[in-house]
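Protein chains in written order, with my numbering: chain D, 50 to 278; chain P, 50 to 278. Beta carbons are placed, not taken as given, at the ideal position from N, Cα and C, and that holds for glycine. Here the structure is a predicted model, which means the values were calculated and not measured. Down below is the structure, laid out as structure tokens.
Number of protein chains: 2
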Amino acid sequence: MYEMSSNMHGRPPRFSREQIAQVAFESADREGFDAVSMRRVAQELGAGTMTLYSYVHTKDELVALMDDQLMGELLVSEEELARAWPDAFIAILRQTYRLRLKHPWSLAAMQNAGLGRNAARHAEQTLAALEGSPFNDEQKFMVMTVADSFVDGHALHRIEVTTEQAPDAAVRTRSLGALERIASGPYPRMHRSWVALESRRPLAAAWMDESFERGVSAMLEGFVRQFSN
Amino acid sequence: MYEMSSNMHGRPPRFSREQIAQVAFESADREGFDAVSMRRVAQELGAGTMTLYSYVHTKDELVALMDDQLMGELLVSEEELARAWPDAFIAILRQTYRLRLKHPWSLAAMQNAGLGRNAARHAEQTLAALEGSPFNDEQKFMVMTVADSFVDGHALHRIEVTTEQAPDAAVRTRSLGALERIASGPYPRMHRSWVALESRRPLAAAWMDESFERGVSAMLEGFVRQFSN
DNA sequence: CTTTTTATCGTACATTGTACGGTACCATGT
DNA sequence: ACATGGTACCGTACAATGTACGATAAAAAG
């Protein structure tokens with residue numbers, strides 16, 4: 050589709066789309082997704098704002114490039130893929146999970162991204178990691194879908210809870226923090242579970258990690274049984 | 050904390066917070082989450098824009114009210130809760146899933162919402178639905194967390210795919226649509242799975258539903274086995 | 001009526017995405 | 001060497017956003 054570097058017309062570009070995406074990517078990591086504006090990105094590149102629109106039709110397209118860059122970090126070596134089921138598969142899930150937590154904006158960005166090149170490669174690799182599994186092609190696809198859903202959902206909830214930042218948030222929104230609400234309201238079971246949890250510190254991170262791991266293995270175990278009729 | 054209707058001072062409010070939240074809620078359903086602005090909501094109420102700020106400190110607080118209203122739709126009758134494990138629990142998961150699909154904006158809204166009153170009630174009910182299960186208190190909490198993660202993640206992915214609207218989207222973002230990319234690139238396994246899927250039409254909705262159902266039961270089955278050591 | 005308290009809302013400002021149009025630049029054709 | 005045409009560059013402008021500020025209006029309490 051694209052003409053190559055021969056047969057060039059007009060002024061050559063100063064940047065590449067990947068460069069621009071990278072700057073936006075790092076900006077999102079540092080200042081948060083909402084802080085990524087066309088003006089800011091352009092400024093960090095030392096360019097005028099509207100210059101970006103020579104590289105990108107719309108901001109959504111820039112976001113899609115960011116997402117593609119992110120998914121690139123998920124690609125895995127061939128040796129990694131060759132590991133026996135279910136190790137390679139679970140390793141990919143863990144890596145995806147870590148990536149979502151490291152770049153919390155990616156879950157919001159995803160919405161306007163579509164299936165990029167690296168996302169497709171990642172999916173292909175995920176299917177490859179299911180090679181030794183007892184599933185057929187359609188089942189593999191479903192297991193992948195379900196597992197990805199769980200990974201992203203778990204990351205989403207974890208980010209949500211973690212981002213519920215310090216003490217003034219409750220005041221700012223005039224709503225109670227989660228703990229005060231549970232403690233002060235008629236939520237006996239929530240309270241019981243909370244107490245049961247408190248005896249097993251540390252709470253937040255380690256418990257979330259265990260929850261993730263158990264979720265993954267429960268799901269896989271269930272699928273193996275379900276698809277072995 | 051709050052004074053009751055006796056002992057009132059000053060001008061009485063024209064609206065209630067719930068009213069305002071409802072208008073915003075319906076607006077989000079009709080025009081999408083991004084279309085919900087303070088100006089629009091105020092206009093639909095027949096009020097000046099800044100009037101809203103007598104009811105709400107910030108837009109995030111309005112979003113939190115919308116989320117609370119949403120979670121209210123999840124509350125379930127006592128008879129429903131009394132059903133034998135795992136029926137009540139699965140029923141709640143299905144209902145949550147349907148609600149997420151019906152109000153796709155809710156996943157984005159959640160991010161700035163925090164644990165509202167109805168969300169806490171919903172969690173309490175979810176734990177109650179686990180009453181006959183073989184899990185202890187801490188395990189119940191984890192099963193709930195994991196299940197909710199899966200439900201929301203599945204809805205997130207499904208919305209993402211569904212919203213990838215018609216044919217001009219690919220042009221608009223200069224990126225290929227998912228199908229063209231899979232068809233045209235080196236993604237043999239994706240292609241195979243896709244072919245395997247095409248023989249089982251209808252594709253989108255029914256397959257997603259099955260994927261959801263299988264994911265839920267796989268996960269529960271796995272948890273039961275895992276927690277029965 | 002006066003005072004106190006609260007609701008209402010017009011104006012203003014900073015920030016956003018991006019349409020428009022002009023200018024600068026470079027490879028190519030003559 | 002020069003003209004041509006295509007592309008990058010970017011200043012300006014506009015509509016829309018959240019919301020701070022302060023004036024005004026209204027209703028209840030004294």
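At a CB distance below 9 Å, what residues from the region 190 to 204 of chain P approach chain D? Give them in sequence order. Phe190, Met191, Val192, Met193, Thr194, Val195, Ala196, Asp197, Ser198, Phe199, Val200, Asp201, Gly202, His203 and Ala204
Would D/Glu93 be called buried (16 or more neighbouring beta carbons within 10 Å of its own) or exposed? exposed
If you compare alpha carbons, which of P/Ala255, P/Ile139 and P/Ala70 is closest to P/Ala177? In terms of CA proximity to P/Ala177, P/Ile139 leads the group P/Ala255, P/Ile139 and P/Ala70.
Would you mind reading off the limits of the alpha helix (DSSP H) that contains P/Gln68? Counting along the chain, the unbroken alpha helix (DSSP H) around P/Gln68 starts and ends at Arg66 to Glu80.
P/Gln275 vs D/Ala196 beta-carbon contact at 8 Å: no
Ignore the nearest five residues each way along the sequence and tell me which others in P/Ile141's own chain have a CB closer than 6 Å to its CB. Here the set comprises Thr175 and Ala178.
For the structure I just gave you, are there three or more beta carbon pairs, one from the region 107 to 115 of chain D and one from the region 57 to 65 of chain D, closer than 8 Å? Flag = no, the region 107 to 115 of chain D and the region 57 to 65 of chain D do not touch.
So what does DSSP say about P/Pro237, is it helix, strand or coil? helix
Taking 8 Å as the CB-CB cut-off, is D/Ser308 touching chain P? Look at the range of chain D in this structure, 50 to 278, and you will see that residue 308 of chain D is not part of it.
Comparing the C-beta of D/Ser266 with each C-beta of chain P, is any distance below 8 Å? For D/Ser266, the answer is yes, since a Cβ of chain P falls inside 8 Å of its Cβ.
DSSP three-state assignment for P/Thr222, whether helix, strand or coil: Only weak support is given to the placement of P/Thr222: the predicted model assigns it a pLDDT of 41, under 50, and the value that follows is read from those uncertain coordinates. P/Thr222: coil per DSSP, three-state reduction.
Using three-state DSSP, classify P/Leu228 as helix, strand or coil. helix
In whole angstroms, give me the CA-to-CA distance for P/Thr222 and D/Arg66. For P/Thr222, the predicted model reports a pLDDT of 41, less than 50, meaning its position is unreliable; a value from the coordinates is still stated below. Note on geometry: alpha-carbon atoms of P/Thr222 and D/Arg66 lie some 13 Å from one another.
Is there a Cβ from chain P that is less than 8 Å from the Cβ of D/Ser103? no
Range covered by the alpha helix (DSSP H) that runs through P/His152: Premise fails: P/His152 is in no alpha helix (DSSP H) and is neither H nor E.
Tell me, please, whether the CB atom of D/His206 is closer than 8 Å to any CB atom in chain P? yes
Do the CB positions of D/Ala113 and D/Asn167 come within less than 8 Å of each other? no
If you measure from the beta carbon of P/Leu124 to each beta carbon in chain D, is any gap under 8 Å? no
Are the C-beta of D/Glu262 and some C-beta of chain P separated by less than 8 Å? no
Could you work out which residues of chain P lie near D/Gly81, taking near to mean beta carbons separated by less than 7 Å? Result: empty, since nearest Cβ-Cβ is about 12 Å, beyond 7 Å.
Within 10 angstroms of its Cβ, does D/Gln68 collect 16 or more other Cβ (buried), or is it exposed? Exposed, because fewer than 16 other Cβ atoms sit within 10 Å of the Cβ of D/Gln68.
Report the neighbours of P/Leu176 on chain D: residues whose CB is nearer than 7 Å to its CB, in chain order. Arg238, Met239 and Ser242
Please classify D/Thr211: is it buried, with 16 or more other beta-carbons within 10 angstroms of its beta-carbon, or exposed? exposed
Exposed or buried, what is D/Leu205 when buried is set at 16 or more other beta-carbons lying within 10 Å of its beta-carbon? With a threshold of 16 other beta carbon atoms within 10 Å, D/Leu205 meets it and is buried.
Which class does D/Leu179 belong to by DSSP, given the choice of helix, strand or coil? Collapsing the DSSP output to three states places D/Leu179 in coil.
Measure the alpha-carbon distance for D/Phe199 versus P/Glu173 and round it to whole angstroms. 22 Å
May I ask you to report which of helix, strand or coil DSSP gives D/Met57? coil
Terminal residues of the alpha helix (DSSP H) in which P/Ala162 lies: Neither: P/Ala162 is in no alpha helix (DSSP H) and is coded neither H nor E.
Assuming P/Phe74 contacts P/Gln118 under a Cβ cut-off of 8 Å, what Cβ separation, rounded to an integer in Å, is found between them? 5 Å
If we require 4 or more residues per run, which alpha helix (DSSP H) segments fall completely within the region 115 to 149 of chain P? 127 to 131
Indicate whether D/Met87 and D/Asp116 have their beta-carbon atoms separated by less than 8 Å. no
By DSSP, does D/His106 sit in helix, in strand, or in coil? coil
Judging by CA-CA distance, which residue of D/Gly97, D/Ala77, D/Phe64 and D/Ser248 is the nearest neighbour of D/Pro153? For the residues D/Gly97, D/Ala77, D/Phe64 and D/Ser248, the minimum Cα distance to D/Pro153 belongs to D/Ala77.
Does P/Ser86 come out as helix, strand or coil in the three-state DSSP assignment? coil
Contact defined as beta carbons within less than 8 Å: I believe D/Phe82 pairs with D/Ala157. What is the distance between those atoms, to the nearest angstrom? 6 Å
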